[in-house]
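*Asks:* Input: one structure, supplied below.
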Amino acid sequence: MLARTIIWRARRGALYQVHRRAYASTALIPEQIKVVQSTIPALEKHGLEITTLFYRQLLNKHPELKNIFNTAHQDTGEQPAALAHAVWAYAANIENPEAMKAAISRIGHKHASLGVTADQYPIVGQGLLSAIKQILGDEVNSRVLDAWDAAYYQLAEYFITFEEGLYREAMATPGGWNGWRKFFISDKVRESEEIISFHLMPADKGALPSYKPGQFVSIRCFVPELGTYQPRQYSLSDVPNGKYFQISVKREFASDIKPAGRVSNVLHELLPEGSEVDISMPFGDFVLDINAITPVVFISGGVGLTPMMAMLKKITQEGKPRKVVFIHAARNSRVHAMKDTLIEIVRDHPEVTRLVYYEQVEEDDILGLDYDHEGRVDLAEVKHKVILPEANYYICGPQAFMNSQSKALRDLGVDEKHIRMEAINAEGQAIPPFIIGTGQYHLANWYRESSLPGDWAIATSPNGWTDNETGLEWLKHFDRCTTKQSKNRYRLLILDRHESHHSVDFERYYKANKIITLCMPPHLSHLLQPLDVGCFGPLKKAYGREVEHLIRCSLTHVSKTDFFPAFYAAHQAAITESNIRGGGLRGSGLVPLDLESVISKLDVQLRTPTPIEEEASLPDLWVPKTPKTVLEATSQSEYLERRIRRHQDSSPASNVNALKSFSKGTKAIMHQIALLKSENQILRQANETLSKRRRAKKSRLRNRGKMTVGACGAIFKASDLANGGRIVALKKIHLEAEGEGVPSTSIREISLLKELQHPNILRLLNIIHADYHKLYLVFEFLDIDLKRYMETLPVSDGGRGKVLPEGSSAYLMQLGMNDTVVRKFMYQLCAGVNYCHSHRILHRDLKPANLLIDKEGNLKLADFGLARAFGVPLRPYTHDVVTLWYRAPELLLGAKQYSTGVDMWSVGCIFAEMCVRKPLFPGDSEIDEIFKIFRTLGTPTEDVWPGVTSYRDFKSSFPKWQRNYDQALCNNLNKAGLELLDMTLIYNPAGRISAKQACNHPYFEGFVA
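Next up, the structure:
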């Protein structure tokens, strides 16, 4: 042991190499193997405690390793749990190392991407053995430590040998390297609301290696929150191109059960284009055989489609002809990344079949274009398309998703050897199970993601044990599940002496619902109960088989959403009729033993025993007080009830006094309630009188359905009965905060719209205030807004092919979006803005969604909620106005004083969007918006924009881009149009064209409004 202690301290260099050579010649002896196997039960029970302590002590002692371990996985417990499963799996397969081959490959590739070296293994080994000794205590003697010492170094040797091979292969690959290499972010491409693709180019401008689709890289960046660098692994989401790597990153927000993804949030929010990051060589064994000709089925969920898209592109570009089925699950089109790319591939390659499932379809989602099925992926329903001869199946996504899809494939007869998985994150009984887990929150997605039966119950408690609240919920679960099955009025429930079985609420409930309880001594209820802890033996074996399947798939961490489907599968396999009848569960309680025989050996009573009275002060010393609140009265009533029920331990005199006090307090409370009822009746009558008056005003309008929902309230389509039934738009504003009155945005909108009367500005027809908390603004009704109108254009014309709203005019249906229409809309937009500016009003929220089109094809400005009057001299305003994509650069850089130029910048952005059918600057954050503007128009300087460097948010370190207009703009606009666009997008607000000047621009020459 002393020699090995010296070896533990060998961190690097020659001493460690000597140790490796010594160990290579010393294999595990049979006695050591048996010792390791004997510790498997202890590892099952205490594995998570051991690894949690190990990581805490390791990172405290060796802080330099924090750059290797992802702290978010430490916070959630994923990494300790993964290590615990890996150690347990190794012990279980120590006589058959071949069974660990897949896991060693998967973990080894991850180690190589993080740059793990051979001299770090002794550090880990020393910490792991120390943690085992601390947790297991006296159970671990020198013999056990020696056996695990040898076992660990055998495992370390497997990993070191494998990883050294990966490092040699990396260096032999043209353009390859080991360790970290500096890259910079050359582009950020928004794929969906949650996912951004990053183009990563080497800072040294050297060659890039090729890689296999499905492989990943580690990215390392500085996390300000932690003050250190953090790594994260992301799949490469495009085929090799020799210029840049592409990764697609989902922004992980914080939830009730896990913290926010630190690296993903830094990448999304803090690292603009041009930023440097560290990147590893591509690694990973979840790869595609590009030369195969057998069918391939890709099944992905959420961000799991990123490696699948790389594989799909590789097949369609370079692979041999083969049948491909691409199945993807997403919530809706807003979060469906790379949707358009997938549509193009399916359109151009008839051998590719697409099956896209949306679980939460939205109004804008189009069946057949955006998605193919509504709901969750059901492989059995489409098995004729999915189950193909000799097909290989690739599954990628959250572990719960992969587990359910893998099980579905196995149920459909697919051999396990044809199923490959890659994690992105890392009925025999009468009563459905009631599962209690450690936690604070109950999540609905546990059922959805784990495919649990709806009648299973899940509860949480701080330590995973039953408390009074969960005990009562369990009793209610028993009641619900047995009421219909019971033929008699009474049901027997067998309990142990858990304290939750004696709570007041528990006793009250079982008596009220005709449940007879039989209380057994502690931990012996399984001798009589139909299904209790005694069934865990067969159940654990079945669950162990499920865990082994996960390990074979290289999934080394089981979270709640992984446990539930695995437990359900084990439950189905273990609790069967054949097991019960064949005696497999006899003695566990599933086949009850002879009742009289059991009772004769135990000191039990066939009634609920009286709970032992809790130690307290003497009953005679209790002095009741008159309750003054409902809570005090309820508490005293319950306590008095318990004392009377146990009258032999209580003084009758004190009970009588308590009843007198309780009666006095109850009378006082009832008197107060009577007064409150009287006052409430008076207020109700007054309120009804006012409501009748307001309903009389409101009755002139008839609701015809909701159109949309805005920041201040919902907008409805309505009929104005007082004006011949004309159609109007009814904007409903909730006045929720009592005493705060009408929101400032609504007051501003009302006052400005009353002042503005122009053909190109939406008319406010009336204002109705009703029912205290409701304000209605009555507007003229227009068919559609410009944003939705552009979406109705044919796909060939840059639109999405959507249909116009029901009732749209025939003229609007054939209007289209040619040059004449663009010029008309642009002129009417400038005319409306000019009228606002001439009345000293800034709109401050111009965007296609706030520009409405009537049935004659005329455009009008709407939604003046952010508008405000301005004067001379200018005074400070808030800079947090205008939707991001249409926000002027002076606002993005923090200007407090601004004028009409902010509206004209928005006009220019809308003009460009009408020409090319897509936003000009679609940034996903303020810094991304700034950089998108700079990349197109060039980074501004003092020569171009005097005073720009004095803005609060301008940084001298901004990348220096040259002007680079989108060629599509040049193709869709004539010379005069390009000139007008340039004049609206001038950096210097003082030099930006005014709305009045724009109306007189040569672009509109010959145009009749």
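This note's numbering numbers the first residue of the sequence shown as 3 and each following residue consecutively. Think of the CB as a built atom: it goes at the ideal place given N, C-alpha and C, for glycine as much as any other residue.
Mind checking whether Arg324 and Ile295 have CB atoms under 8 Å apart?
*Replies:* It is a contact, given that the beta carbons lie within the stated cut-off.
*Asks:* Leaving out five residues before and five after Ala101 in sequence, what residues of the same chain have Cβ atoms less than 7 Å from its Cβ?
*Replies:* Answer for Ala101: Asn95, listed in chain order.
*Asks:* Using 10 angstroms around the beta-carbon of Gly993, count the other beta-carbons present and answer buried if the total reaches 16, otherwise exposed.
*Replies:* The residue is exposed, with fewer than 16 neighbouring Cβ atoms inside 10 Å.
*Asks:* Can Val299 and Ile329 be called in contact, C-beta distance under 8 Å?
*Replies:* For Val299 and Ile329, yes; Cβs fall inside 8 Å.
*Asks:* Would you call the segment 244-251 in contact with the segment 345-359, where contact means no fewer than 3 C-beta pairs closer than 8 Å?
*Replies:* The segment 244-251 is not in contact with the segment 345-359.
*Asks:* From this set, Met311, Met423, Gln232, which residue's C-alpha is nearest Asp287's C-alpha?
*Replies:* Answer by Cα proximity: Met423.
*Asks:* Quick one: grab the DSSP three-state call for Asn762.
*Replies:* The answer is coil: DSSP assigns Asn762 none of H, G, I, E or B.
*Asks:* Report the CB separation of Arg919 from Gly800 in whole angstroms; it is logged as a contact under 8 Å.
*Replies:* The Cβ separation is near 3 Å, so the contact holds.
*Asks:* Please report the distance separating the alpha-carbon of Lys934 from that of Ala914.
*Replies:* Rounded to whole angstroms, Lys934 to Ala914 spans 14 Å at the Cα level.
*Asks:* For Ala5, collect the residues of the same chain with a Cβ closer than 7 Å to its Cβ; drop the 5 residues on either side in sequence, then sort them by chain order.
*Replies:* Caution applies to Ala5, whose pLDDT of 34 falls short of 50 and renders its modelled position unreliable; the model cannot decide the point.
*Asks:* Unbroken alpha helix (DSSP H) runs of length 4 or more, entirely within the segment 58-146: which are they?
*Replies:* Whole alpha helix (DSSP H) segments, 4+ residues: 73-78, 80-94, 103-116, 123-138.
*Asks:* Are Ile932 and Leu987 touching if we call contact CB-CB under 8 Å?
*Replies:* Contact: no.
*Asks:* Only counting the same chain, and skipping five residues up and downstream in sequence, which positions put a Cβ closer than 7 Å to that of Lys603?
*Replies:* For Lys603, the predicted structure reports a pLDDT of 41, less than 50, and the residue's modelled location is therefore unreliable. A value from the coordinates is still provided. Cβ neighbours of Lys603 beyond the five flanking positions: none.
*Asks:* Going by other Cβ atoms of all chains shown within 10 Å of its Cβ, with 16 needed for buried, is Arg965 buried or exposed?
*Replies:* Counting Cβ neighbours within 10 Å, Arg965 comes out exposed, since fewer than 16 surround it.
*Asks:* Let's test the definition: count the other Cβ atoms within 10 Å of the Cβ of Lys316 and tell me whether it reaches 16, buried, or not, exposed.
*Replies:* Its Cβ being crowded by 16 or more others within 10 Å, Lys316 is buried.
*Asks:* Going by the DSSP bridge assignment, what does Ala331 pair with across the sheet?
*Replies:* DSSP lists Gly303, Tyr359 as partners of Ala331.
*Asks:* When burial is assigned at 16 or more other CB atoms within 10 Å of the CB, is Gln759 buried or exposed?
*Replies:* Classification for Gln759: exposed.
*Asks:* Could you spell out the range, first to last residue, of the alpha helix (DSSP H) harbouring His479?
*Replies:* Its alpha helix (DSSP H) spans residues 470-485.
*Asks:* Can you have a look at Ala997 and say buried or exposed, based on whether 16 or more other CB atoms are within 10 angstroms of its CB?
*Replies:* Buried, because 16 or more other Cβ atoms sit within 10 Å of the Cβ of Ala997.
*Asks:* Use the C-beta contact count for Gly129: other C-beta atoms within 10 angstroms, 16 or more gives buried, fewer gives exposed.
*Replies:* Label assigned to Gly129: buried.
*Asks:* Where do the N-terminal and C-terminal ends of the alpha helix (DSSP H) with Thr822 fall, by residue?
*Replies:* Run containing Thr822: 821-840, per the alpha helix (DSSP H) assignment.
*Asks:* DSSP state of Val950, grouped into three classes?
*Replies:* Of the three classes helix, strand and coil, the one that applies to Val950 here is helix, per DSSP.
*Asks:* With burial defined as no fewer than 16 other Cβ atoms inside 10 Å of the residue's Cβ, what is the status of Pro1004: buried or exposed?
*Replies:* Looking at its Cβ environment, which holds fewer than 16 other Cβ atoms inside 10 Å, Pro1004 is exposed.
*Asks:* Can you tell me whether Ile134 is buried or exposed? The criterion is at least 16 other CB atoms within 10 Å of its CB, across all chains shown.
*Replies:* Label assigned to Ile134: buried.
*Asks:* In terms of residue numbering, what span does the alpha helix (DSSP H) encompassing Met404 cover?
*Replies:* First-last of the alpha helix (DSSP H) with Met404: 401-413.
*Asks:* Should Pro176 and Ala312 be called a contact, given that it needs their Cβ atoms to be closer than 8 Å?
*Replies:* No, Cβ-Cβ distance for Pro176 and Ala312 is not below 8 Å.
*Asks:* For Arg728, list the residues DSSP reports as bridge partners.
*Replies:* Bridge partners of Arg728: Asp722.
*Asks:* Would DSSP call Ser266 helix, strand or coil?
*Replies:* Three-state result, Ser266: helix.
*Asks:* Short of 7 Å in beta carbon distance, which residues of its chain neighbour Val241, apart from the five on each side in sequence? Order them along the chain.
*Replies:* Excluding residues within five positions, the ones whose Cβ falls inside 7 Å are Pro215, Ala312, Lys315, Lys316, Gln319.
*Asks:* Quick one: give me the first and last residue of the beta strand (DSSP E) that Tyr231 is part of.
*Replies:* Where Tyr231 is concerned, the enclosing beta strand (DSSP E) stretches over 230-237.
*Asks:* Could you have a look at Glu1014 and say whether DSSP puts it in helix, strand or coil?
*Replies:* Here the chain covers residues 3 to 1011 and nothing more, so residue 1014 does not appear.
*Asks:* For the alpha helix (DSSP H) containing Ile345, name the first residue and the last one.
*Replies:* Taken as a continuous stretch (DSSP letters only), the alpha helix (DSSP H) holding Ile345 covers 341-350.
*Asks:* By the three-class DSSP mapping on this structure, what secondary structure does Met203 have?
*Replies:* Of the three classes helix, strand and coil, the one that applies to Met203 here is strand, per DSSP.
*Asks:* Where Ser721 and Val780 are concerned, what is the direct C-alpha to C-alpha distance, given to the nearest angstrom?
*Replies:* Near 10 Å, if we compare the C-alpha coordinates of Val780 and Ser721.
*Asks:* Does Glu944 come out as helix, strand or coil in the three-state DSSP assignment?
*Replies:* Coil.
*Asks:* Using DSSP with H/G/I as helix, E/B as strand and the rest coil, what is Gln39?
*Replies:* The answer is helix: DSSP assigns Gln39 an H, G or I state.
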